[in-house]
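Mapped onto our numbering, the consecutive letters of the sequence shown carry residue numbers 1 to 495. For glycine and all other residues, C-beta sits at the position ideal for the given N, C-alpha and C. Since we're looking at a predicted model, the values are computed, not measured. Some notes on the structure that comes next.
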Amino acid sequence: MPAKKSSPKKKTTKTAPKKNAKKKTTRKTAPKQKSASKKKASTKKKTPTKKKTTTSKKAAPKRAPRKKNAKQPTKKKKPVTKKKPAPPPTQSASPTVATVVLSGNVPTPEQPYLIQRILTPEEVGVEYELRREELEKEFARAEKALKKWLPELKKHPQFKSGHITGWSVTFRRKFGQVVSPLQVVIAVNVATKLSNKSLEKDKLEKLPTSVYGVPIKVLEGEFKFISEDSNVVPHNPLPFDKPLIGGVPIAPASNHPEFGTLGILVDGKNGNTVGITNAHVVGSDQTTDQLGPGFSSPGNGAISRAISNSSTTVFPGTGSANVDCAAIEVVPAQNALQHSVREMTHLTDKLDETNIPVYYASRHVREWDIALTAIKFGGRSGIIIEGHIEGNGSSFVVVKGTPMNNVIRASVQGESNQFIFPGDSGCVLMLKTKVNDVKAFVVAGLFFAQLESNPAVGVACHFDEVRKKLSLQIPTDKLTEKWSLSSADSNWEIE
1 MPAKKSSPKK KTTKTAPKKN AKKKTTRKTA PKQKSASKKK ASTKKKTPTK
51 KKTTTSKKAA PKRAPRKKNA KQPTKKKKPV TKKKPAPPPT QSASPTVATV
101 VLSGNVPTPE QPYLIQRILT PEEVGVEYEL RREELEKEFA RAEKALKKWL
151 PELKKHPQFK SGHITGWSVT FRRKFGQVVS PLQVVIAVNV ATKLSNKSLE
201 KDKLEKLPTS VYGVPIKVLE GEFKFISEDS NVVPHNPLPF DKPLIGGVPI
251 APASNHPEFG TLGILVDGKN GNTVGITNAH VVGSDQTTDQ LGPGFSSPGN
301 GAISRAISNS STTVFPGTGS ANVDCAAIEV VPAQNALQHS VREMTHLTDK
351 LDETNIPVYY ASRHVREWDI ALTAIKFGGR SGIIIEGHIE GNGSSFVVVK
401 GTPMNNVIRA SVQGESNQFI FPGDSGCVLM LKTKVNDVKA FVVAGLFFAQ
451 LESNPAVGVA CHFDEVRKKL SLQIPTDKLT EKWSLSSADS NWEIE
């Protein structure tokens, strides 16, 4: 019996395995050998090892890090959808702005940014200013890509067939509204969006989704001149006993229903006062009438055009002229024309009598001006409507078969809103901004066309080109190529 009692001492001497127990990392593979160890348990007395396995089970929580590591591969997939998009500017966030959720909204090389939300015009300006340097580089890259692609595009079956009606470099849109994060794309207008099946049937090759790394977005719509072609009465026409200013409805003496707008009054080539409008508004008539309420009579007399249409129109069909403009000489004998302003002083260029000075752009509108508010006052709408420049001011459009390059697109947000009304053709596009740190208007364009299916989009030629084509004698101190590009300097009320 004493010998048997000595066995526990041997067990104490066999506490050496406990030292081995510390090497748990090496013993973790032991469970695979349990079946073998059980057979030899009688010779090696593996009962302590069983206890070690139970202690290893108690230490199981130490294996938790392995589980975390095992899940890491799934976490690596999340940055593809959540971390890649550039975040929208939180400074311009609005709780009332709708969030866009679309099926299939996943990033691709052509569309790396996910649509997060629709922006208000003010938010577009704020985000553009926050990312100005980056986005201006994107515009430059897109312009370069478009220029390289144009020779190929003009050989495309859709262009040759007349199915393509225009293109521009602009911001990505959904439902007619700019979305965040802002992304520069090449927008191609087509007469009608066709399915792949219809394209195959008509033997029209599909347009690519991107060129030289710049996404292409296909938009539907043709362009038309804005002149009215029905007996619709202009809104708020100027009474004939009031001074004549820009923004009033005018028409050829022989065709009053097809009226347009007298854009603005300036000094002409010979120092006389002339009214600026579109060539397609005055047509071939030598006499132009101002229209009053009902416009059934010539009103307060005729406004005779002094400059020939042939030198100022795009209608010869050569495609080399990128303006649609005309200058009509104002008849000084009319009492209503002895003055130049009325209460709405922002619609005239007679600057000594206005509260807000008016300047004339001596450069083209560019993407730098996107943050500014653009306004118009048309003869049909009869009210001031505010919008924004859409892209880089170098759009191409085909208007009833006439191609025009380097034109401006301006619009209001949303396809259901209206920026251009039939009869507004010839009204000026003015930028609300500051010149020399003083609130001012800059006459930047002359509206002549609109997107036929979407009156939220108007097309204007650059006023700098109009000035040169018509040889207008605008004082040099009223010409400017510099004005504030800040949205904050464009956010003031018109009195």
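Terminal residues of the alpha helix (DSSP H) in which residue i lies
{"i": "residue 149", "result": "132-153"}
{"i": "residue 410", "result": "Where residue 410 is concerned, there is no enclosing alpha helix (DSSP H), although the beta strand (DSSP E) it sits in stretches over 402-411."}
{"i": "residue 158", "result": "157-160"}
{"i": "residue 282", "result": "279-282"}
{"i": "residue 463", "result": "463-470"}
{"i": "residue 199", "result": "196-201"}
Whole-number beta carbon distance between residue j and residue i, since they are thought to touch under 8 angstroms
{"i": "residue 225", "j": "residue 442", "result": "The Cβ separation is near 25 angstroms, so there is no contact."}
{"i": "residue 393", "j": "residue 365", "result": "4 angstroms"}
{"i": "residue 370", "j": "residue 124", "result": "7 angstroms"}
{"i": "residue 466", "j": "residue 328", "result": "Not confirmed; about 13 angstroms, so no contact."}
{"i": "residue 330", "j": "residue 273", "result": "5 angstroms"}
{"i": "residue 126", "j": "residue 487", "result": "6 angstroms"}
{"i": "residue 373", "j": "residue 390", "result": "Going by Cβ atoms, the distance from residue 373 to residue 390 rounds to 13 angstroms, so no, they are not a contact pair."}
{"i": "residue 471", "j": "residue 424", "result": "About 26 angstroms; that fails the 8 angstroms criterion."}
Residues near residue i by beta carbon distance below 8 angstroms, same chain, minus five either side
{"i": "residue 480", "result": "359, 360, 361, 362, 435 and 442"}
For residue i, the nearest candidate out of the options (CA to CA)
{"i": "residue 118", "options": "174, 247 and 387", "result": "174"}
{"i": "residue 426", "options": "397, 203, 460 and 164", "result": "460"}
{"i": "residue 246", "options": "430, 124, 287 and 452", "result": "430"}
{"i": "residue 138", "options": "446, 368 and 397", "result": "368"}
{"i": "residue 207", "options": "213, 198 and 217", "result": "217"}
{"i": "residue 454", "options": "254, 136, 192 and 116", "result": "192"}
{"i": "residue 474", "options": "483, 464 and 423", "result": "464"}
{"i": "residue 375", "options": "446, 202, 215 and 221", "result": "446"}
{"i": "residue 194", "options": "219, 214 and 491", "result": "219"}
{"i": "residue 323", "options": "389, 381, 402 and 357", "result": "402"}
{"i": "residue 513", "options": "150, 116 and 422", "result": "Beyond the ends of the chain as shown, which are 1 and 495, falls residue 513; an answer cannot be given."}
{"i": "residue 189", "options": "373, 166, 470 and 215", "result": "166"}
{"i": "residue 356", "options": "437, 382 and 130", "result": "437"}
{"i": "residue 145", "options": "161, 126 and 215", "result": "215"}
{"i": "residue 279", "options": "128, 448 and 187", "result": "448"}
Backbone CA spacing between residue i and residue j [nearest angstrom]
{"i": "residue 406", "j": "residue 462", "result": "8 angstroms"}
{"i": "residue 420", "j": "residue 148", "result": "33 angstroms"}
{"i": "residue 263", "j": "residue 428", "result": "5 angstroms"}
{"i": "residue 250", "j": "residue 493", "result": "28 angstroms"}
{"i": "residue 300", "j": "residue 378", "result": "Caution applies to residue 300, whose pLDDT of 43 falls short of 50 and renders its modelled position unreliable; the value that the coordinates give is listed next. Distance between the alpha carbons of residue 300 and residue 378 is about 20 angstroms."}
{"i": "residue 457", "j": "residue 171", "result": "14 angstroms"}
{"i": "residue 450", "j": "residue 410", "result": "9 angstroms"}
{"i": "residue 439", "j": "residue 396", "result": "32 angstroms"}
{"i": "residue 221", "j": "residue 285", "result": "31 angstroms"}
{"i": "residue 417", "j": "residue 483", "result": "28 angstroms"}
{"i": "residue 261", "j": "residue 122", "result": "29 angstroms"}
{"i": "residue 266", "j": "residue 325", "result": "14 angstroms"}
{"i": "residue 254", "j": "residue 269", "result": "27 angstroms"}
{"i": "residue 136", "j": "residue 289", "result": "45 angstroms"}
{"i": "residue 161", "j": "residue 196", "result": "17 angstroms"}
{"i": "residue 469", "j": "residue 477", "result": "20 angstroms"}
{"i": "residue 211", "j": "residue 131", "result": "23 angstroms"}
{"i": "residue 444", "j": "residue 408", "result": "9 angstroms"}
{"i": "residue 404", "j": "residue 201", "result": "30 angstroms"}
{"i": "residue 141", "j": "residue 223", "result": "27 angstroms"}
{"i": "residue 491", "j": "residue 199", "result": "46 angstroms"}
{"i": "residue 120", "j": "residue 186", "result": "21 angstroms"}
{"i": "residue 209", "j": "residue 134", "result": "23 angstroms"}
{"i": "residue 156", "j": "residue 150", "result": "10 angstroms"}
{"i": "residue 452", "j": "residue 177", "result": "17 angstroms"}
Terminal residues of the beta strand (DSSP E) in which residue i lies
{"i": "residue 388", "result": "384-389"}
{"i": "residue 434", "result": "428-435"}
{"i": "residue 378", "result": "Looking at the DSSP string, residue 378 is not in any beta strand (DSSP E), and its letter there is neither H nor E."}
{"i": "residue 560", "result": "The chain is shown from 1 up to 495; residue 560 falls before or after that span and cannot be answered."}
{"i": "residue 360", "result": "358-361"}
{"i": "residue 368", "result": "Where residue 368 is concerned, there is no enclosing beta strand (DSSP E), given that its DSSP letter is neither H nor E."}
{"i": "residue 220", "result": "214-220"}
{"i": "residue 225", "result": "223-225"}
{"i": "residue 425", "result": "Residue 425 -> no beta strand (DSSP E), and no H or E assigned at all."}
{"i": "residue 492", "result": "From DSSP, residue 492 is part of no beta strand (DSSP E); its letter is neither H nor E."}
{"i": "residue 168", "result": "164-171"}
{"i": "residue 288", "result": "287-290"}
{"i": "residue 189", "result": "184-190"}
Same chain, Cβ closer than 7 angstroms to residue i, neighbours up to 5 away in sequence not counted
{"i": "residue 489", "result": "433 and 434"}
{"i": "residue 128", "result": "135, 182, 370 and 371"}
Other residues of its chain near residue i: CB distance less than 6 angstroms, five sequence neighbours each side excluded
{"i": "residue 498", "result": "With the chain covering 1 to 495 only, the question about residue 498 has no answer from this structure."}
{"i": "residue 158", "result": "164 and 204"}
{"i": "residue 154", "result": "none"}
{"i": "residue 384", "result": "375 and 377"}
{"i": "residue 283", "result": "252"}
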